[in-house]
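4 protein chains.
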Amino acid sequence: MIIVIQCADKVGLVAIVSGLLASEQMNIISMREHVDTEQNQFFLRLEVDGPADAGMLKQKLSALLAGAFIQVNPLPEKKIIVLVTKEYHCLADILVRNHFKTLGASVQCVIGNYNLMEDICSRFDIPFYTVPHEGKTKEDFEKNILDIIAGYEADYLVLAKYMRILSPGFIEKFPSKIINIHHSFLPAFAGAHPYKKAFERGVKLIGATAHFVTNELDEGPIIAQQIIPVNHSYTAKDMVRAGKEIETAVLAKALNLVLDDRVAIFNNKTIVFE
Amino acid sequence: MIIVIQCADKVGLVAIVSGLLASEQMNIISMREHVDTEQNQFFLRLEVDGPADAGMLKQKLSALLAGAFIQVNPLPEKKIIVLVTKEYHCLADILVRNHFKTLGASVQCVIGNYNLMEDICSRFDIPFYTVPHEGKTKEDFEKNILDIIAGYEADYLVLAKYMRILSPGFIEKFPSKIINIHHSFLPAFAGAHPYKKAFERGVKLIGATAHFVTNELDEGPIIAQQIIPVNHSYTAKDMVRAGKEIETAVLAKALNLVLDDRVAIFNNKTIVFE
Amino acid sequence: MIIVIQCADKVGLVAIVSGLLASEQMNIISMREHVDTEQNQFFLRLEVDGPADAGMLKQKLSALLAGAFIQVNPLPEKKIIVLVTKEYHCLADILVRNHFKTLGASVQCVIGNYNLMEDICSRFDIPFYTVPHEGKTKEDFEKNILDIIAGYEADYLVLAKYMRILSPGFIEKFPSKIINIHHSFLPAFAGAHPYKKAFERGVKLIGATAHFVTNELDEGPIIAQQIIPVNHSYTAKDMVRAGKEIETAVLAKALNLVLDDRVAIFNNKTIVFE
Amino acid sequence: MIIVIQCADKVGLVAIVSGLLASEQMNIISMREHVDTEQNQFFLRLEVDGPADAGMLKQKLSALLAGAFIQVNPLPEKKIIVLVTKEYHCLADILVRNHFKTLGASVQCVIGNYNLMEDICSRFDIPFYTVPHEGKTKEDFEKNILDIIAGYEADYLVLAKYMRILSPGFIEKFPSKIINIHHSFLPAFAGAHPYKKAFERGVKLIGATAHFVTNELDEGPIIAQQIIPVNHSYTAKDMVRAGKEIETAVLAKALNLVLDDRVAIFNNKTIVFE
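Protein chains in written order, with the working numbering: chain A, 12 to 285; chain B, 12 to 285; chain C, 12 to 285; chain D, 12 to 285.
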């Protein structure tokens, strides 16, 4: 069972929580705590084992910690919907992990603004919806997508190289629930064409960033980042190719963390209990 | 104040400790816990802040947790003695950090089986003792070293590229108190001439390992490891040169962790609360 | 066009090769050279562009460099056969890249000693052959595999987590043509159960190694290696899971290098022109 | 002997150079070539060994390659001047390497706008000049520095955490001869207070960048970059402390590359023959 708690910090919080768990004969398997002393905010993630019921624990914790954010998760599998454009690398990695039950979530469907990824989805028996953006207002386009999403239950939307900018109205419907992979080491090269910019700048490392989506483009809370070395022999095209490897790896890592309830968000930053 | 606790695991340990801290009005700044479920062992590291006295806290914790290893450290600076042979890179790094008060310890003296490092020590006003190993039995040689050590108080002995093998009798005098930097990614290339072996094997990464010294050569608990990429263009000599950079970095990191009370030892392995 | 040359070193080799290329109006796009001065061996890899014919160039180079190993490769796609046991991660990555034509080779078929990977292969329309090893002599088992291989043309055999040890007789049939992924940072933890050994030793990094297979178990020329950090909180099972990520990445990288003619072998080591 | 050549690309350049070297009985130890096909520019670095004289080789190469940039370097030690402000870490590393003759250059003197680094310099017998910037115009301040520099011969100026912005007039006097270490992964967090910005953005990696100084602040050609992982538990101050380690390492690496004639500059980017 995973317990996540977030509230204003004060003396004795750990004593209150661990006291309750002890009295309920719950054993603490792992415990990770963070105090943001500047903002006076307390974060706790526990893996516990024992006889107690999740709902009851949540109720008792809520009574003890008035006003706190409390989540007690009996480890049900989460559900995700994936949005894509034309590239296969992140999507195929997700589909493979989903197929072999190592993703930590089940993929409900995939939505693309082109139909290029339909074939790979069908090979894994995953519903694919083509929603072309051409010839439509952004509002109509996003309404089409929202209608499809409405047909499923989803804990998270994953933008696996989805190359359209979502509108504020869309994003507000899924607060802290949309995960994007950006193909640069943010905040370097935010926006379009990061590899071209990286090539022109002559950087010696390129990166990828997985982050939650907010209404500030590429400015949402960062979940995971990684880099690989490049050199003068790399063309912009070589950088694109090399970058795909870390885009795939970083998105996989971020999903693993989020789906395992290891990521809290506060003040546009993440607390990641790896 | 840093509190380190190690004992057999049972339900309620965190509740007991955090309950005491709360009742003493101590605030938990950071808390890192580990349970070795296989060995049923509990490890806890706390940074706390508040009005309580270290000695009193230790006494109260000892009363609550019979049989536990308990350390309550009011952050006094630690003291170290460094042993060297001919190479400067790790030693100079330690001397520089010591000089600018960023080491987390104060260097009491340096002992070398050659006098090559005497000059750099004198430049930093650190006593240097030359103890030649030649023409002596190992027993006499080590007795000379022990006599010098006896003149100082030291929390740790740091082998900063000290290239003699210490006898079991010597090592037993300093259990879990001798830190060595080995110039390979252990357990690969244990023993002498690791770079030559790495060159001959044609590895694509070389490494360094900081570990506590036990009577099993290069088999003590590992504190930190790091690698760098190499390729076919590296001669064995190039590997030696490249390796010095990570030897320096890994030893510095390991010292930082140990001197900050972040490293526990159990079953020939370390628990490192980074 | 890719030209690879290997021979004893002497003054003027680059002049001879580049002189011929200039006289044939061939432009040098990239040129990587290595001299093993200890062994007096010369290695050259060129990417060239221009009007000349590959066969003619090879003939003229052979006339100029008697006794040299010369390969002039007009970039046809290579062919590979993959051997697996029970794990999907390396195989699925290869199948996905193969499907999207980014592998640099075409997968002819997959052979497994269990049938677990049959389904994923069929989803990508790749022939899969189950060859059980149980109830057979090693000789018979390997003969079954060899008979299947004989039905295809293959430049390389890729052991994508194939967990049986191949016999010397089998290996001799494919000199420098079998590529294996070993789930440790060789030479550490060669042989069986590397993660279990790594866990017991308490290492702080785990690795993976792609290498050519020779008759010395896990002792063949290393193509690529990579590591990831681990810590005390990793169980042996966690290491296995984390290790799969780098196994996949390292094998992908090694295949990319080998299939692009960037890897030469000499004295049980590789020269890798990245 | 190291030969560096840069010119417009055309067929036969390698043949011309290697033909001359062969006729002069010069053996090629290592050869690294790069063609910028987009810009049609050719770069070559050779390490050669043999009876020929450097001056004569340069003359003959110049005759064969009209208009090319040609450097034939008989490996004399280079000379550098270091500028600092208040921090010791990069400077001390340079002083130690200089002292033990592993820097690849000799430090002529150190200039600081504070006197804090005078003591460490005097411990290594290196002249130190304090040039306060306070109460002076930038012009006067820089004139003071230039006067000191004029008293030495220096191949490069190294800004080892020198925290003043140099004027265009100053920089123009040392084209491609000033090397700076910037405490972020450029182009992220250019300008002042990069760690504060990194902390506020919540990045998961922080970096350092060594680059040549041009009149565009933090926009000069990048020589080397490196990163280290950070997490939510890092305060801005922790990032500063962790960052010092990579600042030191990256500047050391960049100096090693530049002082070994491995770095060419073209179109505000570097070609680095590692």
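Beta carbons: idealized from backbone N, C-alpha and C, even for Gly.
Given residue i as reference, the closest of the options once Cα atoms are compared
i         : options                                      : result
Ala201(B) : Pro198(C), Asp166(C) and Ala26(C)            : Pro198(C)
Val95(A)  : Asn242(A), Leu127(A) and Val83(A)            : Leu127(A)
Ser187(A) : Lys207(A), Asn84(A), Gly231(A) and Ala103(A) : Gly231(A)
Lys89(D)  : Asp104(D), Ala116(D), Lys71(D) and Ala65(D)  : Ala116(D)
Asp20(B)  : Asp60(B), Glu285(B), Gly78(B) and Leu32(B)   : Gly78(B)
Ile257(D) : Asp271(D), Gly218(D) and Leu268(D)           : Gly218(D)
Asp271(C) : Glu58(C), Tyr173(C), Val46(C) and Val121(C)  : Glu58(C)
Gly180(D) : Glu227(D), Gly146(D) and Val121(D)           : Glu227(D)
Leu268(C) : Lys248(C), Ile234(C) and Asn279(C)           : Ile234(C)
Gln70(A)  : Thr141(A), Ile92(A), Ile91(A) and Glu35(A)   : Glu35(A)
Ala26(C)  : Arg108(D), Met42(D) and Tyr167(D)            : Met42(D)
Lys207(C) : Val169(C), Gly254(C) and Phe54(C)            : Gly254(C)
Glu211(D) : Val224(D), Ser244(D) and Thr141(D)           : Ser244(D)
Ser133(B) : Val224(B), Ile238(B) and Ala103(B)           : Ala103(B)
Ile159(A) : Ile105(A), Ile92(A) and Gly66(A)             : Ile92(A)
Ile105(A) : Ala165(A), Leu75(A) and Leu114(A)            : Leu114(A)
Phe152(D) : Leu177(D), Ala165(D) and Asp166(D)           : Leu177(D)
His110(B) : Lys112(D), Lys184(D) and Tyr99(D)            : Tyr99(D)
Pro205(A) : Phe185(A), Phe80(A) and Lys248(A)            : Lys248(A)
Rounded distance between the beta-carbons of residue j and residue i, thought under 8 Å
i         : j         : result
Val274(C) : Gln236(C) : Actually they are not in contact, since the Cβ atoms of Val274(C) and Gln236(C) sit about 14 Å apart, beyond 8 Å.
Ser120(A) : Phe135(A) : Here residue 120(A) is Cys; the residue named in the question, Ser, does not match the sequence. No, Cys120(A) and Phe135(A) are not in contact; Cβ-Cβ is about 12 Å, not under 8 Å.
Ala171(D) : Cys101(D) : 4 Å
DSSP bridge partner residues for residue i (one or two, in chain order)
i         : result
Gly361(A) : Nothing in the structure corresponds to residue 361(A), since chain A is present only between 12 and 285.
Tyr245(D) : For Tyr245(D), which the question treats as bridged, DSSP gives no partner whatsoever.
Ala219(D) : Gln237(D)
Lys208(D) : Answer is none; Lys208(D) lacks a bridge partner.
Tyr167(D) : Ile91(D)
Thr281(A) : Ile276(A)
Met42(D)  : Leu57(D)
Asp47(C)  : Gln52(C)
Asn84(C)  : Ile13(C)
His193(B) : Thr220(B)
Ala263(A) : Per DSSP, none; premise fails for Ala263(A).
Beta-carbon gap between residue i and residue j smaller than 8 Å
i         : j         : result
Val118(A) : Ile137(A) : yes
Ile182(C) : Ala221(C) : no
Gln52(C)  : Gln82(C)  : no
Arg175(A) : His144(A) : yes
Ala33(A)  : Gly23(B)  : yes
Asn38(D)  : Gly61(D)  : yes
Val28(B)  : Leu72(B)  : yes
Ile40(A)  : Val142(B) : no
Leu266(C) : Val169(C) : yes
Asn278(D) : Gln50(D)  : yes
Phe196(A) : Ile239(A) : no
Partners in chain G for residue i, counting only beta-carbon separations shorter than 7 Å
i        : result
Asn38(A) : Protein chains A, B, C and D are contained in the structure displayed, whereas chain G is not.
Where residue i falls, given that 16 or more other Cβ within 10 Å makes a residue buried
i         : result
Thr48(B)  : exposed
Tyr163(B) : exposed
Lys215(A) : buried
Gly213(A) : buried
Leu157(A) : exposed
Gly30(C)  : buried
Asp229(C) : buried
Ala263(D) : buried
Glu150(B) : exposed
Thr246(C) : exposed
Thr225(C) : buried
Met250(A) : buried
Thr148(B) : exposed
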